[in-house]
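Chains as they are written, first to last, in the numbering used here: chain A, 97 to 418; chain B, 10 to 416. Note that beta-carbon positions come from the ideal geometry of N, C-alpha and C, so glycine has one too. Heads up, the thing below is written out as structure tokens.
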Amino acid sequence: MKVATAISILLIFNLAAILLSLGVGSSGYDHIFKIISGNADDSVRTIVFEFRLPAMLLAMIVGASLSASGCAMQALFRNPLAEPYILGVASGASVGAALAVSLKIGEIYSRIAFAFFFALFTAYLVYLIGTSSRFRDQTYAILLAGVAIASFFSGVTSILIYFSSQSMHEVVFWIMGSFSNPAWEKVYISLPIAIAGIAYLLITSWNLNALLLGDEHAIAVGLNVESYRKSLIAVVALLTSATVAVSGVIGFVGIIVPHTMRLLVGEEHQKLLPSTILLSTAFMPLIGLISRISTSGNLPVGAITAMLGGPFFLYLLLRRSV
Amino acid sequence: MKLKVENIIVKIGSRDVLKNVTFEVKEGELIALLGPNGSGKSTMLRTIFGVLRPVKGVVMLDGREIESVEAAAKSFGYLPQDTPLTNLRVLDVVLLGRTPYMSGLRRPDREDYRVARKALKEVGLKDFETRSLSELSGGERQKVMLARVFAQQPKIMLLDEPTAHLDISAQIEIMEIIRRKVDEGKAAIVAIHDINLASSFATQILMIKDGKIAYAGKAEEVITEENIKDVFGADVSVRRYGRGVYVVPKLKPTGGKKRVHVICGGGSGQKILYTLAEAGFRVSAGVLNALDSDWEVATELGEVVDEAPFSQIGNSAHEKNLEMVEESDAVILANLSVGWGNFRNLLAAKRAAELGKLIVIDETPFSQRNFAGEEAEEIYREALKRAAVVTKTEEEVINAIRKLLGR
């Protein structure tokens, strides 16, 4: 597919997603038109500007961060199943959030802070173990260290949840991921990190192509693989920690979106990365919308993406071109 | 342009992988690194490129050490051993070779595209631009990687087993592409396992053993049975042809200490003698006139009873021949022509037949190769009748011996 065509389709897709997520809800489907035509009363304004707009922006930020990170991780690990949470940030953030709640400092911002710093710490730990000099293939060691630490921390989270049964359903719900309880503060926290991180990935996207050839070949074309890998992991850790802290664990976005675009525009990251980001900024708000209108409450977003992710994996598997 | 590798020692872990290696490369040279697995060939290439740092010694290009990876990527075209598998398009892969020349955002410009396309043309994959690397054959993929190296416009190519896992035609094509590039004023250092390929393409061969250069020089000087035995620990025969050499494996002996005597002459015994020697039999031949073509082969491979050139078999030679017949486990009467000069060889064959150990190779009807009259005809008929085994071709000789020796 021509890049220009792909981008215009994606932009239209984005516009539709914006209109739908701002306009449609259980309280009606015409809010956006009321606002545009100037007929909106205060309650409509509040619904749109205090709830739907931040929720939509949050979904876009989370989608873009996770899918761009996923894209980068798949190149770094040369593994189509690599995802942003491979560094253990999801389990780290869960421990942080659960800890904040069980220490009775479960007020929303301290929970975000706990989740964020625990996520970062976990990623750092994984990196440290993975790059210890005893491993020959450090990329592979990072992958395995991530799996090991994630499994340990999810055990810790389960125990924390078990011992404080009362307050914990909130944490459980948080772990499943959602854009409900949107707040502008969450946008303010995550937006700068997302912009800086995604900009870094876009600027260095050429290097991601080089990584696809393998470390030796990347070095052979003059890339300082060691230092690039370091900064790539740091940036991805920041991006995913920030998103997981504000929205909980939303899985599979980092796999579904990059792979869909890979099928359409190919592997080359100058095209793949921007189009992945554009698809996710449309895709994620729509998932948020489904979560919002499908029942009277809010379905966990993570659950919806997971249910989409399973069949998508099977599709990739059957296509055999992963 | 001159690359100097001076006295380098490279450690990996606590092991010295390269020990005091020194050599030089100039433009127009294609250097083959030959050596067994783990001898340090890859380490040598990686050290020259700068992935590994020597603990002692220097690598200098035109009198200067190269500091950064990026500078190295402009001077050296390093091709690692394993070929990547990715869905990147061929042109995008080749463009990656332009990375060291791109600044800032690293977006390829018109010049980069021009150089990349030229490189693809040089490896003969002009029309492959938009194909995905993963759908190409092994040989094509390796050519794309070579194009990536060419796109870097290096002075020296460092190629780590560029022909590994490829079929013979791809191997030759790849080596020819490399040589063509070298002839344009570049140089190449190629780690390679195929001694024959190395000796036909390299201008110089470095044989590496345990991290040291064991032998260096032109193929015909360096590729010898002793050197290969020393470096690789393999038993081979080295044959010469034209300007090159080639290497064939010596078959593992299967004949034990069994001894086979071949009665031949005029070229009828050459192939039999080689086959027997390679199968591990101790061979002898006789009676042969000195300088006969069989005589040359037989003297190389074993004992020979000989007679002066163009003379009739004398008494002492005949006696000795009979002794050989007695001592051998099997005697082969080759498809030789008989005249008055070597008539006595038939008598020796008859003796072998009486002893029950004669194998006759009866390929051409005897009447067509008999120049010694009725008497010879009769002895031959007799020998044929009493022979232990009669075969129609030389190829069956090993089987015939096994049959005779009851194995």
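Contact set for residue i: own chain, Cβ-Cβ below 7 Å, skip 5 residues either direction
| i | result |
| --- | --- |
| Ile289 of chain A | Leu334, Leu335 and Ala338 |
| Leu393 of chain B | Val369, Asp371 and Val399 |
Whole-angstrom distance between residue j and residue i, CA atom to CA atom
| i | j | result |
| --- | --- | --- |
| Ala178 of chain A | Arg119 of chain B | 34 Å |
| Ala317 of chain B | Asp301 of chain B | 10 Å |
| Ser141 of chain B | Ile346 of chain A | 32 Å |
| Ser325 of chain B | Gln377 of chain B | 29 Å |
| Ala406 of chain A | Lys130 of chain A | Here residue 406 of chain A is Gly; the residue named in the question, Ala, does not match the sequence. Between Gly406 of chain A and Lys130 of chain A, the C-alpha separation is close to 39 Å. |
| Asn354 of chain B | Glu363 of chain B | 14 Å |
| Phe137 of chain B | Phe214 of chain A | 48 Å |
| Ile132 of chain A | Leu116 of chain A | 14 Å |
| Val158 of chain A | Ala246 of chain A | 21 Å |
| Ile238 of chain A | Thr212 of chain B | 44 Å |
| Pro354 of chain A | Ile373 of chain A | 8 Å |
| Leu216 of chain A | Leu61 of chain B | 32 Å |
| Thr31 of chain B | Ile222 of chain B | 8 Å |
| Leu240 of chain A | Glu149 of chain B | 34 Å |
| Val144 of chain A | Ile128 of chain A | 8 Å |
| Val67 of chain B | Val99 of chain A | 48 Å |
| Arg24 of chain B | Tyr258 of chain A | 52 Å |
| Pro396 of chain A | Ser178 of chain B | 59 Å |
Where residue i falls: helix, strand or coil (DSSP)
| i | result |
| --- | --- |
| Val418 of chain A | A caution first: Val418 of chain A carries a pLDDT of 45, below 50, which makes its placement in the model too unreliable to give a value. |
| Arg141 of chain A | helix |
| Met152 of chain A | helix |
| Gln161 of chain B | coil |
| Thr253 of chain A | helix |
| Tyr250 of chain B | strand |
| Ala399 of chain A | helix |
| Ile346 of chain A | coil |
| Glu33 of chain B | strand |
| Ile201 of chain A | coil |
| Arg119 of chain B | helix |
| Thr400 of chain B | strand |
| Leu162 of chain A | helix |
| Glu312 of chain B | strand |
| Glu15 of chain B | strand |
| Asp338 of chain B | coil |
| Asp25 of chain B | strand |
| Val267 of chain A | helix |
| His270 of chain B | strand |
| Asn351 of chain B | coil |
| Arg150 of chain B | helix |
| Lys394 of chain B | helix |
Cutoff 6 Å; reference residue i; Cβ partners in own chain excluding five residues on either side
| i | result |
| --- | --- |
| Lys65 of chain B | Ile18 |
| Thr253 of chain A | Ser190, Val191 and Ala194 |
| Ala381 of chain B | Val347, Gly348, Trp349 and Phe352 |
| Asn330 of chain B | Gly295, Val296, Val314 and Ala357 |
| Val132 of chain B | Lys152, Leu155, Ala156 and Ile186 |
| Ser250 of chain A | Ser187 |
| Leu134 of chain B | Lys152 |
| Ala171 of chain A | Leu304, Leu307 and Leu308 |
| Phe212 of chain A | Ser337 and Ala341 |
| Val418 of chain A | Interpretation of Val418 of chain A is limited by its pLDDT of 45, a score under 50 that renders its predicted location unreliable; no figure is taken from the coordinates. |
Beta-bridge pairing of residue i - partner residues as DSSP gives them
| i | result |
| --- | --- |
| Thr356 of chain A | In the DSSP output, where bridge partners are listed per residue, Thr356 of chain A has none listed. |
| Pro180 of chain A | Its beta-bridge partners do not exist; DSSP assigns none. |
| Asp169 of chain B | B:Ala200 |
| Asn298 of chain B | B:Glu316 |
| Gln213 of chain B | B:Ile40 |
| Ala225 of chain B | B:Leu215 |
| Pro258 of chain B | B:Val245 |
| Leu88 of chain B | B:Leu168 |
Residues of its chain near residue i, where Cβ-Cβ distance is below 8 Å and the 5 sequence neighbours each way are ignored
| i | result |
| --- | --- |
| Leu104 of chain B | Pro117, Asp121, Tyr122, Ala125 and Ala160 |
| Ala173 of chain B | Gln90 and His202 |
| Val26 of chain B | Val19, Lys20, Gly49, Thr52 and Gly220 |
| Leu418 of chain B | Here chain B covers residues 10 to 416 and nothing more, so residue 418 of chain B does not appear. |
Chain C contact residues for residue i, given Cβ-Cβ distances below 7 Å
| i | result |
| --- | --- |
| Ile294 of chain A | This model lacks chain C altogether; the protein chains it does include are A and B. |
Subject >> Cβ pair count under 8 Å reaching 3, the region 272–289 of chain A against the region 322–342 of chain A >> reply: Three or more beta-carbon pairs separated by less than 8 Å link the region 272–289 of chain A to the region 322–342 of chain A, which places the two stretches in contact.
Original post:
Can we say the region 316–334 of chain A touches the region 129–143 of chain A, given the rule of at least three CB pairs closer than 8 Å?
Top reply: The answer is no - the region 129–143 of chain A does not touch the region 316–334 of chain A, with fewer than three Cβ pairs under 8 Å.
Original post:
Do the region 91–102 of chain B and the region 295–304 of chain A meet, that is, are 3 or more Cβ pairs less than 8 Å apart?
Top reply: No, because fewer than three Cβ pairs between the region 91–102 of chain B and the region 295–304 of chain A fall closer than 8 Å, the two stretches do not touch.
**OP:** Evaluate contact between the region 75–85 of chain B and the region 179–196 of chain B, counting only Cβ atoms and requiring at least three cross-stretch pairs below 8 Å.
**Re:** Counting Cβ pairs under 8 Å, fewer than three are found: no touch.
Original post:
Should the region 164–172 of chain B be regarded as contacting the region 52–59 of chain B, the criterion being three or more beta carbon pairs within less than 8 Å?
Top reply: In this structure the region 164–172 of chain B lies against the region 52–59 of chain B, because at least three pairs of beta carbons, one per stretch, are closer than 8 Å.
Original post:
Does the count of Cβ pairs from the region 33–45 of chain B and the region 236–245 of chain B closer than 8 Å reach three?
Top reply: Flag = yes, the region 33–45 of chain B and the region 236–245 of chain B touch.
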